[in-house]
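Numbering (full-length UniProt numbering), first residue to last: 1 to 575.
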């Protein structure tokens, strides 16, 4: 379902198109224009058509402007007025009270469904990444990106198979190996060994392994769709797959956006035993519901840059083992390194996580010593998780990423996650404080949405929160998933995991500025209540939108003097 703002934008585009046809039907019929949403200097207009996108003479411009003024005069439009200048062909000023009402009502009515697509794709999607082994920084980045990509796909209406029931995400499994007691290295080693044990147990129970391995042992055979692509070497105990034959027979693309041109041969059986790369292909097939009856299934491979070539072999092996119904794509994750300002060099995800945890814990203990509070390690863990996720998801997943590991808790990178959590907790506390005041009889209860005077939200900061951020969220989610099913036999998927994160950081900065400048909860005098009610509904929508930003900022942090002090010392990013 389209958002209220998107519906308005489409209706405005249609009105401009109709006006252009009336201006000059012959010369303007095939011309395209750009209707651009502004994000700055909104007092000078909210949406513009740049003057350079259409070549009109002065008479045509005057006629177009006159027609659009007639459109803005209509009672049912949200465009209040229109003007032009030397830089813009058309500048539209939106009816702010009407638009605020439409957007905030939509957010509060849809709740957790705001910005999410209702359309369910036909294909079932699973996300695959090579099993964690070394607990490296790259493993950490892949786990975070995979966790976030799953949420983005679900928000865009893709039918994504969830994590195995009863199991946590790969990120949570990885963090658990060194966060329960990060000072005990032997515990970490044991947990990693447990992961390897689980992997071996999985291989034993593999349906695809039990189904396909006997067929590979009996080659040449007609029981496999592409048995001619396999060649034996030094007896049937050693089996090799010709990857070039698979690419040609499946009509797959090589080169940019496709498979590597250096893919040649790969050994799948060695001394009658499946090679490691064949076992990984079995995990891909085991992710398919009701295997071996494959209907419409897609596997998205989340591949580290240094394993992308190997993962393409896994993809081609899986293609060779099934006849039809399976499509695959690949999202390559760029390299990651740490800019270390401390004396010790960090080599693993565990070292990096422990360093961040220690920074937050040290800061918390210092502030709790001053305020005589007890350090809450669960809060420290929440802050650590948030800062790492924000750092990893802050740039495009295919680009190189440099993480900062400061020698103290003053590192700028580690503050963003805490800053977002602080703003979320602050909003949650504000709403709880109002509800408590209503229960105590200090404030009257919130009136229905239809009784709110949205014209009281007249400050530019009010409009910026609603128009630039809340109204933009559905489009942002949609733009984050560009391509999952590459066409023409290509392989590369395009999922922009950084967009929501950067949006959330900017959103939090805007919210912090607004919150510091304006008092939401006022006195209970009757003339103060209407504005307070309007802003409370706006903050409810803001809080809802933050929780929907797919980063899952946790509002359960203890909001007390230690958080206030932490924010003052570490989170003042709006100065």
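No residue lacks a Cβ here, since even glycine has one placed at the ideal position from N, Cα and C. Small disclaimer: the values here were computed from a predicted structure and weren't measured.
Query	Result
Kindly identify the DSSP beta-bridge partner or partners of residue 48.	36, 91
Of all Cβ atoms in chain C, is any one closer than 9 Å to the Cβ of residue 380?	Of the protein chains in this structure there is only one, and it is not chain C.
Using the Cα positions of residue 271 and residue 256, report the straight-line distance between them to the nearest angstrom.	36 Å
Starting from residue 385 and walking both ways along the alpha helix (DSSP H), at which residues does that stretch end?	377-392
Does residue 312 pass the burial test, meaning 16 or more other C-beta atoms within 10 Å, or should it be called exposed?	buried
With a 10 Å radius around its C-beta and 16 neighbouring C-beta atoms as the bar for buried, classify residue 264 as buried or exposed.	exposed
Taking DSSP as the reference, what is the three-state secondary structure of residue 17?	helix
In this structure, does DSSP put residue 85 in helix, strand or coil?	coil
Just the Cα atoms here: how many angstroms apart are residue 448 and residue 10?	29 Å
From 39, 67, 525, 391, pick the residue whose C-alpha is nearest to that of residue 460; which is it?	39
With DSSP collapsed to three states, give me the class of residue 98.	helix
In the DSSP assignment, what residue or residues form a beta bridge with residue 404?	339
Are the Cβ atoms of residue 495 and residue 153 separated by less than 9 Å?	yes
Report the three-state DSSP secondary structure of residue 319 (helix, strand or coil).	helix
With a threshold of 8 Å on Cβ separation, who are the neighbours of residue 36 within its own chain once the five nearest residues in sequence on each side are excluded?	47, 48, 49, 50
What is the DSSP secondary structure of residue 556, counted as helix, strand or coil?	Note that residue 556 scores a pLDDT of 46, beneath 50, so its modelled location is shaky; the value from the coordinates is reported in the next line. Residue state, collapsed to three classes: coil.
Check residue 299 in the structure and name its three-state DSSP category.	strand
Residue 333 lies in the beta strand (DSSP E); which residues open and close that run?	326-333
Taking only the alpha-carbon atoms, compute the straight-line gap between residue 241 and residue 253 and give it to the nearest angstrom.	18 Å
Per DSSP, what kind of secondary structure is residue 270 in: helix, strand or coil?	strand
Give the single residue among 301, 300, 285 whose Cα lies nearest to the Cα of residue 294.	285
According to the neighbour-count rule (16 or more other Cβ atoms, all chains shown, within 10 Å of its Cβ), is residue 469 buried or exposed?	buried
Who are the near neighbours of residue 387 in its chain, counting only those whose CB is closer than 8 Å to its CB and skipping five residues on each side?	356, 360, 413, 414, 415, 416, 417, 418
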